[in-house]
Every structure is written in structure tokens, then in C-alpha cells.
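*Asks:* Residue 0 is where the sequence shown starts when you use numbering that gives the first Met the number 0, and the numbers rise one by one after that.
For glycine and all other residues, C-beta sits at the position ideal for the given N, C-alpha and C.
Fair warning: this is a prediction, and the values are worked out from it, not measured in the lab.
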Amino acid sequence: MGLLKGSLTFSRYRVVGAFPDRFLDFFNERILRCAFQNVWRTADEKAAGWTSLENVLDTDFSHASYAQGRYMLFSLRVDRKAVAPSLLRLRILEAEGKQLRESGQKKLYREQREAIRESVRLELLGKSLPVPSFYEICWSPPDNTLLFCSLSDKVSEELRGLFEESFSLKLIPQVPWETEGPPPKPSPRSAAGGKTANAAPLTLPPGVDPLTIGREFLTWLWFKSEERNGMIRLPDGEDAEVLFVRRLVLESGDGEYAESVVCQGMHTDLKEGREALRQGKKISAARLKASLDKDQWEFTFKADRFHFQSMKLPAIEEDVEKSEDREGMILERIYGIEKAAGLMDRLFHSFLSLRLSELWGTEQNRMQRWISAGSLG
């Protein structure tokens, strides 16, 4: 329920492809075509489709309930059936024993065992009840962006496949640097309204590793956070506050050679974290408290993919929350989400501009002194 209330976890995507004219008519036709169907075939292991955001049983989307301001709000529902391995193994042994007794055979051939296994598996699936999962979606057609309330790779694949099947548009993971696909182009104004607000991602020059640039950024951000007691100057001269609180994850290497250190506590200025930095590790995830203007957020930031986990949003004023303007409350929450993600994008742009400039060597020396001495003096 992150888009509607409480904390939320989300990943971001760019929407790539040509938008048709009469977008709302197109959207309505396509989302109904791929809405979740409650009718299961007995052997199905999985069913997926779109549902309403506020009422997961609503797959008719009456009164265009998905349209809120310039956003399309709906949910991905994925139902899965599963058979416990121990139960499957037991039923297979029983079926194999029965086959041997009835046939008089002393031994079953491999083809017979495979056929029995599949038959038993399908029978058990047919008797199993599906377990539903729901994942909220906020799509901004004018901005070519989509926010998805899950970080799971498996669920992400489900989303991307169904989204392309439904709307003939592709989803590309959104990070501030270019990774795949063409840069986003402004979509035509649709009935959702609004202006394109997101800048195109930066193309990394040769020598800058897209697999580690996020960790470099988060490590630099810790340094900058301590430089002015949490205050960091943005490119436009505005000041933001970023504090590292309670948890750090530092990593080095990759695959089977990866090493990680987890530091937890009320303060992140821990010996383990400093020592890990001295050993060449970089921060891959951190719990941050960020403030800009009068808004404040707290979230876990995952640097490799620019993911946000367990984000606490600024409190909505009591009179707004109690009013009948449900749409206004939802839009205010989305504005808070976009502002927080936009702040991290702006900080990354500041980092990358410095990283690619002649001043980076001086910055690295200052960071090294900070790591070694534990201060900026």
C-alpha cells in the first residue's frame, strides 16, 4: 500500500516506444485486454494481470479509476501455485510403487518415471490454491517514467513482459546514467496532462564502470555529508541535508570473490565502516535521512541500481488526509516520492560532473585523508 499510505519500496523505469494518439482510449482498451482473470486452468502455476490500485478485485477499471492527474495508477497482480518438494517426492514414490505393482515390472524406465512425475505434479497443482501478490504502479506518460513497488528481479521480469504485451512499449531500468536503449524522448501531451520534467540520463565516458559508479557515488556522498555536517550544495546553489543513519553495507569484488561488511548502529561513523573504506571497499547500500526545503525523507538507498527501500515520506497535513480529496492526497504522496528520487539524481549529477572534471584528483586526495584520519582536517 506504499503509494496510498505507509512506507514504500520502489524501482524506476523509463518507458520506451511511440505513444499513440488518443492515449486514454488506447490505455483503457489495452489494460482491460490484459486485466487479471480469476479463472484458472487447473495445471497453471502462475497467472498475472492488471488490477485497480485501490481495489484489487476491480479489474473493470470503472470510471477510469486509474487516471490521477498526469499519472496512471494501477497494480500488477501475480498469483502463483506451488507444490512442496517433500509432498511431491512422497506422492511420486507412491505412484511409482502403484505402477510397479499393477504392471508387474521390477524396474521403471526413465521415460515412465518422468511421465509419473509430471502427472503427479499437475495433479497436485490442480488441487493447490494460488497465492496472490500485488505490486503498485505509477506511470507518468508525459515523463516517460514508471515507478514500480518491487525490487525483485523475478517480479521485474513479469512486469516488463506483461507491460510490453499490453502496451507495445518497453521498460528500461532508470538510473541517472545510460545503460541500454535510446535516451528518452518527450512523449506527446496526453490526456494525462503535464510536462516532461526528467532530464535524459548521462552517458558515461570510457573508463567509467557503470557497474560500480553507483557505489563510488554513495561513498563520495558519505564524505560530502560529513564535510559540512550533513549539508550538501546542489548545482543550482540550493542546500540539501543528507545524513547516514543506522546502517551501511560496504562491498568489494564481484561474484564468488565479493566481500561485504555490514555496519549497524545509531551512528554510521563506525570503526568497521572506516576500516572497510581503507581496505578499498565502497558503499553499496545505506540508510539515509534526507531533507530539502521543508520536506524530509528516510530510506535505504541501494547504489547499484538506484533503488529505494522502506522510504518514509513527509507527513501529510492532517486536514488534507481527513478531507474527501482522495486524489489530492495521493498526488501529494507521489510528489514527495518524485522529489526524493529527484534529489538523489541531482546529487549524482553533482558527483559525476566532479568525477569527470580536472578537480577530481583533488577531491580524491581529500577523501583519502578523510578515510585515513576519520576527519576532514
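Which one or two residues does DSSP pair with Asp294 in a beta bridge?
*Replies:* What you label residue 294 is simply residue 295 of the sequence shown in a count that begins at 1. DSSP lists Leu291 as partners of Asp294.
*Asks:* Flag this pair as yes or no: are the beta carbons of Ser167 and Gly16 separated by less than 8 Å?
*Replies:* Translated into the one-based positions of the sequence shown, residue 167 becomes position 168. Translated into the one-based positions of the sequence shown, residue 16 becomes position 17. Yes, the pair counts as a contact, with Cβ atoms nearer than the cut-off.
*Asks:* Return the first residue and the last residue of the beta strand (DSSP E) that Ala46 is part of.
*Replies:* Working through the sequence shown from its first residue, we reach residue 46 at position 47. Ala46 -> beta strand (DSSP E) spans 45–51.
*Asks:* What does the alpha-carbon distance come out to for the pair Met366 and Leu351?
*Replies:* In the sequence shown, residue 366 corresponds to position 367, counting from 1. In the sequence shown, residue 351 corresponds to position 352, counting from 1. Taking the straight line from one Cα to the other gives about 15 Å.
*Asks:* Would Lys80 be called buried (16 or more neighbouring beta carbons within 10 Å of its own) or exposed?
*Replies:* On the sequence shown, position 81 is the one that residue 80 refers to. Answer is buried; the Cβ neighbour count reaches 16.
*Asks:* Work out the CA separation of Ile136 and Gln295 for me, nearest whole Å.
*Replies:* Locating residue 295 in the sequence shown gives position 296, where the first residue counts as 1. Locating residue 136 in the sequence shown gives position 137, where the first residue counts as 1. For Gln295 and Ile136, the distance between alpha carbons rounds to 23 Å.
*Asks:* Once the 5 residues before and after Gly213 are set aside, which same chain residues still bring their CB inside 6 Å of it?
*Replies:* The count along the sequence shown starts at 1 and reaches residue 213 at position 214. The answer, listed in chain order, is Ala302, Asp303.
*Asks:* What's the C-alpha gap between Glu44 and Pro129?
*Replies:* Working through the sequence shown from its first residue, we reach residue 44 at position 45. Working through the sequence shown from its first residue, we reach residue 129 at position 130. Approximately 8 Å between the Cα atoms of the pair.
*Asks:* Rounded C-beta distance between Arg11 and Leu150? I'm assuming under 8 Å.
*Replies:* Within the sequence shown, the letter at position 12 stands for residue 11. Within the sequence shown, the letter at position 151 stands for residue 150. Incorrect: roughly 11 Å between the Cβ atoms, too far for contact.
*Asks:* Among the residues of its own chain, which have a CB less than 8 Å from the CB of Gly192, if the five just before and after it don't count?
*Replies:* Here residue 192 corresponds to residue number 193 of the sequence shown, with the count starting at 1. Per-residue confidence for Gly192 stands at a pLDDT of 36, beneath the threshold of 50, marking its modelled position as unreliable; the derived number appears in the next sentence. Gly68, Arg69, Pro141, listed in sequence order.
*Asks:* Are there 16 or more other CB atoms within 10 angstroms of the CB of Leu75, so buried, or fewer, so exposed?
*Replies:* The residue you call residue 75 lines up with position 76 of the sequence shown. Buried: at least 16 other Cβ atoms inside 10 Å.
*Asks:* Would you grab the beta carbon distance between Cys148 and Phe307 for me? Rounded to a whole angstrom, and I think it's under 8 Å.
*Replies:* In the sequence shown, residue 148 corresponds to position 149, counting from 1. In the sequence shown, residue 307 corresponds to position 308, counting from 1. Actually they do not touch by this definition, with Cβ atoms about 10 Å apart.
*Asks:* Please report the straight-line C-alpha distance between Val319 and Lys288, rounded to a whole angstrom.
*Replies:* The residue labelled residue 319 in the question sits at position 320 within the sequence shown. The residue labelled residue 288 in the question sits at position 289 within the sequence shown. Because the pLDDT at Val319 is just 46, under 50, the model does not fix this residue reliably, and the value given afterwards should be weighed accordingly. About 24 Å.
*Asks:* Taking the alpha carbon of Leu161 as the point to measure from, which residue in Val244, Gly48, Glu28 has its own alpha carbon closest?
*Replies:* Translated into positions along the sequence shown, residue 161 becomes position 162. It is Gly48.
*Asks:* Report the option in Leu3, Met230, Glu95, Leu170 whose CA atom is closest to the CA atom of Arg109.
*Replies:* The residue given as residue 109 occupies position 110 in the sequence shown. The shortest C-alpha separation from Arg109 is found at Glu95.
*Asks:* Which residue from Asp78, Gly206, Val119, Ser371 puts its Cα closest to that of Ala275?
*Replies:* Within the sequence shown, residue 275 is the residue found at index 276, counting from 1. It is Ser371 whose Cα lies nearest to the Cα of Ala275.
*Asks:* Please classify Arg36 as buried or exposed, where buried requires at least 16 neighbouring CB atoms within 10 angstroms.
*Replies:* Translated into the one-based positions of the sequence shown, residue 36 becomes position 37. In the sequence as displayed, the identity of residue 36 is Gln instead of Arg. It counts as exposed.
*Asks:* Within the same chain, show all residues whose beta-carbon is closer than 7 Å to that of Gly264, passing over the 5 residues directly before and after it, in chain order.
*Replies:* Stepping through the sequence shown from its first residue, residue 264 is reached at position 265. Result list for Gly264: Arg245, in chain order.
*Asks:* Which stretch, first to last residue, makes up the alpha helix (DSSP H) that contains Asp344?
*Replies:* Sequence index remark: in the sequence shown, residue 344 carries index 345 (1-based). Its alpha helix (DSSP H) spans residues 325–354.
*Asks:* Which residues bound the beta strand (DSSP E) around Ile136?
*Replies:* Sequence index remark: in the sequence shown, residue 136 carries index 137 (1-based). Start and end: 130–139.
*Asks:* Of the choices Lys97, Gln363, Ser290, Gly327, whose alpha-carbon is the least far from that of Pro313?
*Replies:* One-based indexing of the sequence shown puts residue 313 at position 314. Minimum Cα distance to Pro313 is reached at Ser290.
*Asks:* Identify, in the order they occur along the chain, each residue of the same chain with its Cβ nearer than 7 Å to the Cβ of Phe26, setting aside the five sequence neighbours on each side.
*Replies:* Your numbering for residue 26 matches position 27 in the sequence shown. So the qualifying residues of the chain are Met71.
*Asks:* Buried or exposed for Thr144, going by 16 or more other Cβ atoms inside 10 Å?
*Replies:* Taking the sequence shown and counting its residues from 1, one reaches residue 144 at position 145. Thr144 is buried by the Cβ-count criterion.
*Asks:* Bridge partners for Ser151 per DSSP, in chain order?
*Replies:* Position 152 of the sequence shown, counting from 1, holds the residue named residue 151. Bridge partners of Ser151: none, in fact.
*Asks:* Looking at the secondary structure, which residues open and close the alpha helix (DSSP H) in which Pro84 lies?
*Replies:* Here the question's residue 84 lines up with position 85 in the sequence shown. Counting along the chain, the alpha helix (DSSP H) containing Pro84 begins and ends at 84–102.
*Asks:* Given Met230, which residues of its chain have a CB within under 8 Å of its CB, disregarding the five upstream and five downstream residues?
*Replies:* Counted from its first residue, the sequence shown places residue 230 at position 231. Excluding positions up to five away in sequence, the list reads Asp238, Ala239, Glu240.
*Asks:* Specify, as a first and last residue, the run of the beta strand (DSSP E) that Thr8 falls within.
*Replies:* In the sequence shown, counting from the first residue as 1, residue 8 sits at position 9. Looking at the DSSP string, the run of the beta strand (DSSP E) that includes Thr8 is 7–15.
*Asks:* Over what stretch of residues does the beta strand (DSSP E) that includes Lys311 continue unbroken?
*Replies:* Here residue 311 corresponds to residue number 312 of the sequence shown, with the count starting at 1. Unbroken beta strand (DSSP E) run through Lys311: 306–311.
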